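Here's the structure, in structure tokens; my notes come after.
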Ligand code: SF4
Ligand code: SF4
């Protein structure tokens, strides 16, 4: 064994300023992709140019829902599935804030599914980071509306037979103006995409495909978190502009990643101003930075 | 991926870049917060320069944390930092004083 260089071992990380020190280390398992998604998010928030006091992060319940508690930003940990309604309230109460919802597939698409489609329909100026690990991790690996057909979970021991949701398709069909998907391994592109989504006006959604080695991975014999990352490396294909209807996730097969939707549509506040602006004072924040293309293609 | 070259080795080029005398490979220094590491191995697996290896020792949680077995080869790309789920590793630029003299590397 090579002698350990003492100077290598330190106590603090440069990202610690954006983390609540009393809550770190986090509870996520070894090999879980949530930490990597959070790292990409912190880098995106740091580089997006919006002052940190103008950013607030809202999470629901679940493993991903713990993000709000770890971030040293204005953050709010809400009840299960209700991250979006809280975020909408925050956004309408103080439109100068950039509100970002960081939550999991169970929280956003299952329990909060109704809120998800309606917030997208109204085109609220909110960014959603949805980490999809295909099951309910925190409560023991139950089947979720994202569990692929044939995959095992603790409630689908013979393989799931319900049709799952395809999150980008759901988001795009409901009216989201920016929809992208990356795996946790595409960390640089994920960070750029998060940054781009934060700077867009309107309802923007970034789906992160993330390993859950402890439950989904173990029940489906996918190996460790590292093995799952390697399978993403082998199976993901970048297809920018792909039709969201064509990017459904299967049990095996290719994972289509990329930026699928990037359009402009008046936001809820724009429409409100148009309809009621003569009668009431409707503030529309100056914050939004217009179309900044952040390069995402690496190869 | 091929064998990573350490700085003592000469990099091999198919064609020597015309501006070889102006190019300089960045160098990084690796820092590890050993008690945070959960030994997932992402940093070790995906370091493009094969700088890291999991140590034989383990931390107080019982995980083998990484150490830079070949720090000379680090190019400060920060991929380890971006992939680590635990905020347990980062690198800083350790490029020695910038190249001023024409230093032929290719031939
Ligand atoms: S900065 Fe890049 S080259 Fe250096 S140890 Fe990290 S991954 Fe390897
Ligand atoms: S990526 Fe982080 S947690 Fe995983 S082995 Fe490396 S330092 Fe440890």
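Protein chains in written order, with the working numbering: chain Z, 2 to 300; chain G, -10 to 96. Note that CB positions come from ideal geometry on N, CA and C, so glycine has one too. Remember, predicted model here, so these are calculated numbers, not experimental data.
At a cut-off of 8 Å between C-beta atoms, residue 25 of chain G counts as an interface residue with respect to chain Z. Think of a sphere of 7 Å around the beta carbon of residue 230 of chain Z: the chain G residues whose beta carbon falls inside it are 31, in chain order. In the displayed model, residue 189 of chain Z falls within a helix according to three-state DSSP.
At a threshold of 7 Å, residue 75 of chain G counts as near ligand 2, since its beta carbon sits closer than that to one of the ligand's heavy atoms.
Residues of chain G with a Cβ closer than 7 Å to the Cβ of residue 33 of chain Z are, in chain order, 74. Under the DSSP definition of a beta bridge, residue 181 of chain Z partners with Z:207, Z:260.
Within the DSSP secondary-structure output, residue 269 of chain Z pairs in no beta bridge. Residue 29 of chain Z has a beta carbon lying within less than 8 Å of a beta carbon in chain G.
Counting along the chain, the unbroken beta strand (DSSP E) around residue 53 of chain G starts and ends at 53 to 57.
Taken from the Cβ of residue 128 of chain Z, every heavy atom of ligand 1 lies 7 Å or farther away. For the region 126 to 157 of chain Z, there are no residues whose beta carbon sits under 8 Å from a beta carbon of chain G. The beta-carbon separation of residue 59 of chain G and residue 26 of chain G, rounded to 19 Å, does not stay under the 8 Å limit for a contact.
No Cβ of chain Z is located within less than 8 Å of the beta carbon of residue 14 of chain G. Residue 159 of chain Z counts as exposed, since fewer than 16 other beta carbons sit within 10 angstroms of its beta carbon. Taking a contact to require three or more Cβ pairs closer than 8 Å, the region 150 to 165 of chain Z and the region 227 to 244 of chain Z do not qualify as touching. The C-alpha of residue 208 of chain Z lies about 15 Å from the C-alpha of residue 240 of chain Z. Residue 35 of chain G: member of the alpha helix (DSSP H) spanning 31 to 35, first to last residue. With respect to the 8 Å criterion, residue 16 of chain G and residue 81 of chain G are not classified as neighbours on the basis of their beta carbons. Put simply, the CB of residue 161 of chain Z is far from chain G, with every gap to its CB atoms at 8 Å or more. Within the region 175 to 194 of chain Z, 186, 188, 189, 192 place their CB atoms closer than 8 Å to a CB of chain G, listed in sequence order. Between ligand 2 and residue 30 of chain G, a heavy atom-to-CB distance of less than 7 Å is present.
Within chain Z, the residues placing a beta-carbon under 8 Å from that of residue 22 of chain G are 10, 11, 12, 13, 14, ordered along the chain. In the displayed model, residue 200 of chain Z falls within a helix according to three-state DSSP. Pairwise C-beta distances place the region 62 to 70 of chain Z in contact with the region 100 to 111 of chain Z, as three or more of them are shorter than 8 Å.
If only uninterrupted alpha helix (DSSP H) runs of at least 4 residues are considered, those enclosed by the region 211 to 262 of chain Z are 226 to 236. Under the 10 Å beta carbon count, residue 282 of chain Z is surrounded by fewer than 16 other beta carbons and is classified as exposed.
Relative to ligand 2, even the nearest heavy atom lies 7 Å or more away from the CB of residue 63 of chain G.
Collapsing the DSSP output to three states places residue 43 of chain G in a strand. If you check the CB distance, residue 99 of chain Z and residue 55 of chain Z come in under 8 Å. Taking C-beta separations shorter than 6 Å and ignoring five residues to either side along the sequence, the partners of residue 116 of chain Z in its chain run 85, 86, following chain order. DSSP links residue 20 of chain Z through a beta bridge to Z:72. Judged by DSSP secondary structure, residue 105 of chain Z falls within the beta strand (DSSP E) whose first and last residues are 99 to 105. Neighbours of residue 44 of chain Z in chain G, taken as residues at a C-beta separation under 8 Å, are given in chain order as 71.
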